[in-house]
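To keep things clear, I will list the structure first and then write my remarks on it.
Residue numbers (my numbering): 32 to 180.
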């Protein structure tokens, strides 16, 4: 019998990891943000920033792009990382850290809710619905970043 290497185990709990993409677009001098309506718990029926769990062996940027495509059908968008959010309790499913990305589109484009998003829609940044998780905080930080860079 051949000796098999023992997989390394880590005795500490690990948080889950997600990637979210805040997409801004301007039309007629007004700034819009892309949101999805969640189709599944937690927060089913609530609006949220597009995003989701990072798959094993997937980069953060690849996960962000994949989730954006899966939930909104939006592809080939330049993104930049701008923050990380990991307060315990931000996700009722357990300790989850999200890495947030920013996308700047020259104008609104057609989007369709897909995968685990019931809908995808553009909202004026001054007329937002209530947001799931801590997405109001993430969106506020993204807006500051957008306006200062």
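Just so you know, even glycine gets a beta-carbon here, dropped at the ideal spot from N, CA and C.
Between which two residues does the beta strand (DSSP E) carrying residue i extend?
| i | result |
| --- | --- |
| residue 150 | 148 to 155 |
| residue 48 | 47 to 58 |
| residue 134 | 127 to 136 |
| residue 162 | Run containing residue 162: none; DSSP gives neither H nor E here. |
| residue 83 | 82 to 84 |
Could you check if residue i is buried or exposed, using at least 16 other CB atoms within 10 Å of its CB as the buried criterion?
| i | result |
| --- | --- |
| residue 148 | buried |
| residue 166 | buried |
| residue 234 | Outside the shown range of the chain, which is 32 to 180, sits residue 234, and nothing can be said about it. |
Could you tell me how far apart the beta carbons of residue i and residue j are, in whole angstroms, since I believe they sit closer than 8 Å?
| i | j | result |
| --- | --- | --- |
| residue 131 | residue 51 | 5 Å |
Is the shortest distance between the beta-carbon of residue i and the beta-carbons of chain C less than 7 Å?
| i | result |
| --- | --- |
| residue 144 | Included in the structure is just one protein chain, with no chain C present. |
Tell me which residues share the same chain as residue i and place their Cβ nearer than 6 Å to its Cβ, disregarding the 5 neighbours each side in the sequence.
| i | result |
| --- | --- |
| residue 161 | none |
| residue 100 | 106 |
| residue 78 | 66, 68, 160, 162 |
Tell me which residues share the same chain as residue i and place their Cβ nearer than 8 Å to its Cβ, disregarding the 5 neighbours each side in the sequence.
| i | result |
| --- | --- |
| residue 46 | 117, 125, 126, 127, 128 |
| residue 71 | 147 |
Residue range of the alpha helix (DSSP H) that residue i falls in?
| i | result |
| --- | --- |
| residue 96 | 91 to 103 |
Which residues share a DSSP beta bridge with residue i?
| i | result |
| --- | --- |
| residue 166 | The partner list for residue 166 (beta bridge, DSSP) is empty, contrary to what the question assumes. |
| residue 65 | 153 |
| residue 114 | 131 |
| residue 79 | 67 |
Got a sec? Which residues, its chain only, sit under 7 Å from residue i by beta carbon, not counting five neighbours each side?
| i | result |
| --- | --- |
| residue 139 | 56, 58, 63, 153 |
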